[in-house]
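In the working numbering, the protein residues as written are 131 to 481.
Remarks on the structure that follows.
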Ligand code: KG4
Ligand code: ZN
């Protein structure tokens, strides 16, 4: 079974071909980082236009790398949301057009489900597992009980973790995307120099918050470099290291609570999984490994290429759904918002 996966929900245009024996035959990702860099964040209109321009040639490239033609495909899967709607429309319409022209099943994939199931493409991980999903747009703790079966234990009440990295990097003048820049700068910094707040640490529940931390960083940066002066390099490294430590502490505290909830609900569950772009962070990975050891869980993280946005995870989610006969029709509508767990209350409502 060969599936084409299309991803266009944020600032990566991606197309991949994956088979049901977990082989990735092609995995093409075109990052728009250079286009959005000058703005310090993703500009939706620029993203949508770039997807429109680059998606067709990228699909042609993916098929060529996989050494197949459209007639060898068994289905087409495209991210159907949540995400920047202009980009999502480009991916869904392209996917539908190929499916219609070739008489293939079409699958509109929830981007979060793509991240959630990606670990089953790279590793032998059985349901149920506990997932920390940390990216530029999302920060959630989920129990993955099966395909299409998710229990959301917590979500962010303000910013996503990746967004906090990006905004802090912008304040420090470290460039975009912020996560890798903060991690690089932090390597030469003192994580104990600034005692930043650890949002929600010690509180019950599994929700996240990063707005207060961001404000604390802004105040420190304003003190270090009044006006528009650049932050001195050593001070910037110390802020980066102290900020990274605060985010990691906060994520670990929330995940510890989630591990307890997971144990209660799924005593047979074995794995703690991390996904999303922030999963590239080595401090976070090391701390999650430690937490998993304490909680008696096996820690698994997909390879970095599968953690950030890509088409292979969309193709794989398509394969998992196709095996269960969960295909979509041509009436599938792109969705800017699409929670994985419809029963989950918004974070604020739960307090
Ligand atoms: O999953 P992803 O590629 O796109 C979204 O769906 O958002 O995640 C991108 C996010 C960005 O906010 C980026 O700054 C962050 O992941 N990120 C990192 C690291 N590498 C990427 N954050 C912390 N440490 C990193 N090494
Ligand atoms: Zn993502």
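The beta carbon of each residue, even a glycine, is placed where N, CA and C say it ideally should be.
Predicted model, so just to flag it, every value in this text is computed and none were measured.
Paired residues, beta bridge with residue i - DSSP
{"i": "residue 286", "result": "338"}
{"i": "residue 142", "result": "161"}
{"i": "residue 276", "result": "279"}
{"i": "residue 173", "result": "DSSP lists no partner for residue 173."}
{"i": "residue 236", "result": "206 and 458"}
{"i": "residue 439", "result": "According to DSSP, which records beta bridges pairwise, residue 439 is partnered with nothing at all."}
{"i": "residue 215", "result": "DSSP, once it has assigned bridges, lists no residue as partnering residue 215."}
{"i": "residue 228", "result": "Beta-bridge pairing links residue 228 to no other residue."}
{"i": "residue 149", "result": "132"}
{"i": "residue 154", "result": "148"}
{"i": "residue 259", "result": "274 and 401"}
{"i": "residue 264", "result": "269"}
{"i": "residue 137", "result": "144"}
Within 8 Å, strictly: CB atoms of residue i and residue j
{"i": "residue 313", "j": "residue 472", "result": "no"}
{"i": "residue 221", "j": "residue 445", "result": "no"}
{"i": "residue 211", "j": "residue 241", "result": "yes"}
{"i": "residue 513", "j": "residue 421", "result": "Given that the chain is displayed from residue 131 to residue 481, the structure contains no residue 513 and the question cannot be resolved."}
{"i": "residue 161", "j": "residue 432", "result": "no"}
{"i": "residue 133", "j": "residue 208", "result": "no"}
{"i": "residue 217", "j": "residue 178", "result": "yes"}
{"i": "residue 346", "j": "residue 327", "result": "yes"}
{"i": "residue 309", "j": "residue 408", "result": "yes"}
{"i": "residue 243", "j": "residue 470", "result": "yes"}
{"i": "residue 466", "j": "residue 287", "result": "no"}
{"i": "residue 150", "j": "residue 131", "result": "yes"}
{"i": "residue 426", "j": "residue 146", "result": "no"}
Supposed contact pair residue j and residue i - C-beta distance, whole angstroms, cut 8 Å
{"i": "residue 370", "j": "residue 340", "result": "The Cβ separation is near 15 Å, so there is no contact."}
{"i": "residue 439", "j": "residue 142", "result": "4 Å"}
{"i": "residue 372", "j": "residue 323", "result": "6 Å"}
{"i": "residue 351", "j": "residue 361", "result": "6 Å"}
{"i": "residue 138", "j": "residue 166", "result": "Not quite, the Cβ-Cβ distance comes to about 14 Å (not below 8 Å), so this is no contact."}
{"i": "residue 388", "j": "residue 283", "result": "5 Å"}
{"i": "residue 170", "j": "residue 280", "result": "Not quite, the Cβ-Cβ distance comes to about 32 Å (not below 8 Å), so this is no contact."}
{"i": "residue 200", "j": "residue 228", "result": "7 Å"}
{"i": "residue 450", "j": "residue 255", "result": "Actually they are not in contact, since the Cβ atoms of residue 450 and residue 255 sit about 12 Å apart, beyond 8 Å."}
Heavy atom of the ligand FAD within 7 Å of residue i beta-carbon
{"i": "residue 293", "result": "Among the ligands modelled here, namely the ligand KG4 and the ligand ZN, the ligand FAD does not occur."}
*Every unbroken beta strand (DSSP E) within the region 378-430, with a cutoff of 3 residues, ordered by chain*: DSSP runs (the beta strand (DSSP E)) wholly in the region 378-430: 401-405 and 428-430.
*So does the region 188-199 actually touch the region 319-338, counting three or more Cβ pairs closer than 8 Å?*
The region 188-199 makes no contact with the region 319-338; the number of CB pairs closer than 8 Å stays below 3.
_Any 3 or more C-beta pairs closer than 8 Å across the region 227-237 and the region 267-275_ = Taking 8 Å as the limit for Cβ pairs, the verdict is that the region 267-275 does not touch the region 227-237.
*Please list the segments of the alpha helix (DSSP H) lying wholly inside the region 309-353, counting only runs of 4 or more residues, in order along the chain.*
Listed in chain order, there is nothing to give.
_Across the region 251-270 and the region 293-309, are there enough close Cβ pairs to call them in contact, namely three or more that are closer than 8 Å?_
Yes: the two stretches touch, three or more of their Cβ pairs being nearer than 8 Å.
*Does the region 251-265 touch the region 394-407, meaning 3 or more C-beta pairs lie closer than 8 Å?*
Judged by Cβ distances under 8 Å, the region 394-407 makes contact with the region 251-265, as three or more pairs qualify.
*Counting pairs of beta carbons, one from the region 380-397 and one from the region 344-360, are three or more of them closer than 8 Å?*
With the rule of 3 Cβ pairs closer than 8 Å, the region 380-397 does not count as touching the region 344-360.
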